[in-house]
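A.B. asks: Read in order, the letters of the sequence shown correspond to residues 26 to 362 in this note's numbering.
Built from N, CA and C at the ideal position, the CB exists for glycine as well.
Take a look at the following structure, please.
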Amino acid sequence: MGRVTYRSRRFGVAALAIAGLLLGACGSSSSGQQSAIRVAFFAPIANTYVAATLKGMNEVSASGGIKITQFDTGFDATKEFSQIQDATTSGKFDAFLIIPLDAVALVPAVQAAIKAGIKVVNTDLIIGTDNTTSKPQIQGETGSVINPPANRAKNVIQAIVNACQDLNPCNLGFMAGVPTIDFEVLIKKGLDNISTDHSNIKVKAYQTGHGYLAAPAIPIAQNILQAHPDLNVLAVSSDQATLGAEQAVNAAGRTGKVRLVSSGGSCPAIAKVQSGAWFSDIIDLPETEGKLGMQMIVDAMRNGKPGPTGLNPLDSIKGNPILTKDNIADFKCQWEG
């Protein structure tokens, strides 16, 4: 839910750091004398990506002594701000794990939580203004598990370039979920300039509002296809929404004529790329994000490792995060799109 284009990767320092955290998660145990760590989780709970994040968190909390309370933010940053404020003033929580919906607007609420002694970790999306780093950007924050938005956006643009490589012209449509989210903003900037370096690519349509769900994506895709019968590539910023866009493509009789480019690395998406129904998909690792984020909280509160710690979950894998039929065989998906 935003990821420099990656080339072939090998494990380095960051990967070893991730491995250490994961081993810590597997080997940790709670003492009967330890009080429970009370964790508030702020995220759009109904989203399947978030469900995988929660699964990763639960893998750590299964060792005992951790209580997770979910706060459903929807995709409403104002609601999330209020929820964080209320949870801080309630005094009922020791730690927050946040999927932030507004990188800048949430900063005062996070600062207040840290001042109140609450350990804060953000996953998936940044808190702050630097789109290029996985490191925490708020003083006193415990950690962050982020594939930087600049990386995510560059991967999406590169995936589009790849899909258009043998097409001239390549008439492109793009479907954004929530256009104010960090990586979506950067994707839009990339699309505004894509024809400068790739003159064959013509951006015919840019529409927003699928909210990372299949059902709202169907009419959006229908509108694009009806307005642009010469469309060659339809790129979508989430696997859930691409499943809806695919339905529209098939219903319009355009199967095999419109290449679908997606992002998420979900299990349904992997199957679609393997079958040839989708041209490509971009990796995300939400379960890893949740597991690493929760372990950062445990380390800060029980293991004498207060942070700040910043990790990119994609440093735990090898290879190109843009998946096609040629390189998808060894990738293990983490979530249901």
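1. Excluding the 5 residues preceding and the 5 following residue 247 in the sequence, name in chain order all residues of the same chain whose CB lies nearer than 6 Å to its CB.
2. Of the residues 220, 308 and 173, which one's Cα is nearest the Cα of residue 210?
3. Might you give, ordered along the chain, the residues of its own chain that have their beta carbon closer than 7 Å to the beta carbon of residue 245, omitting 5 neighbours on each side?
4. If contacts are defined as beta-carbon pairs under 8 Å, then residue 131 and residue 87 qualify, I think. What distance do you get, rounded to the angstrom?
5. Excluding the five sequence neighbours on either side, which residues of its own chain have a C-beta within less than 7 Å of the C-beta of residue 338, listed in chain order?
6. Got a sec? Which residues, its chain only, sit under 7 Å from residue 117 by beta carbon, not counting five neighbours each side?
7. Buried or exposed: where does residue 125 fall if 16 or more other Cβ atoms within 10 Å of its Cβ makes it buried?
8. Who are the Cβ neighbours of residue 137 in its own chain at under 6 Å, not counting the five residues just before and after it?
9. Could you work out which residue in 181, 226 and 139 is closest to residue 255 when comparing CA atoms only?
10. On the DSSP letters alone, give me the boundaries of the alpha helix (DSSP H) that residue 129 sits inside.
11. Run the CB neighbour count on residue 443, radius 10 Å, all protein chains shown included, and call it buried at 16 or more, exposed below.
12. By Cβ distance below 7 Å, which residues in the same chain neighbour residue 238 in space, the five residues on each side in sequence not counted?
13. Pair every Cβ in the region 177-188 with every Cβ in the region 342-351, then say whether three or more of these pairs are closer than 8 Å.
14. Looking at the secondary structure, which residues open and close the beta strand (DSSP E) in which residue 197 lies?
15. Would you report the Cα separation of residue 161 and residue 335, rounded to the nearest angstrom?
16. Taking the alpha-carbon positions, what's the residue 71 to residue 357 distance?
17. Short of 7 Å in beta carbon distance, which residues of its chain neighbour residue 353, apart from the five on each side in sequence? Order them along the chain.
18. Using the C-alpha atoms, what's the distance from residue 60 back to residue 149?
19. Going along the chain, which residues of its own chain have a beta-carbon closer than 7 Å to the beta-carbon of residue 270, five neighbours each way excluded?
20. Helix, strand or coil: which one does DSSP assign to residue 315?
21. Count Cβ pairs between the region 190-206 and the region 151-166 that sit closer than 8 Å; are there 3 or more?
22. Find the nearest neighbour of residue 363 within the set 121, 100, 196 and 163, judged by alpha-carbon distance.
23. Have a look at residue 207 and residue 263 and give me their C-alpha separation to the nearest angstrom.
24. Provide the residue span of the alpha helix (DSSP H) that contains residue 115, from first to last.
25. Looking only at its own chain, which residues have a Cβ that is under 7 Å from the Cβ of residue 280, when we skip the five neighbours before and after it?
26. How many angstroms separate the CA atom of residue 143 from the CA atom of residue 153?
C.D. replies: Put simply:
1. 273
2. 173
3. 200, 232, 234 and 235
4. Not really, about 29 Å apart at Cβ, beyond 8 Å.
5. 170, 172, 310, 313, 314 and 317
6. 63
7. buried
8. 113
9. 226
10. Run containing residue 129: none; DSSP gives neither H nor E here.
11. In the structure as shown, the chain begins at 26 and stops at 362. Residue 443 is therefore absent and cannot be evaluated.
12. 265 and 266
13. yes
14. 195-201
15. 6 Å
16. 23 Å
17. 295, 298 and 299
18. 28 Å
19. 200, 242, 246, 259, 261 and 285
20. helix
21. no
22. Any answer about residue 363 is impossible in this case: the structure gives the chain only from 26 up to 362.
23. 14 Å
24. 102-115
25. 274
26. 18 Å
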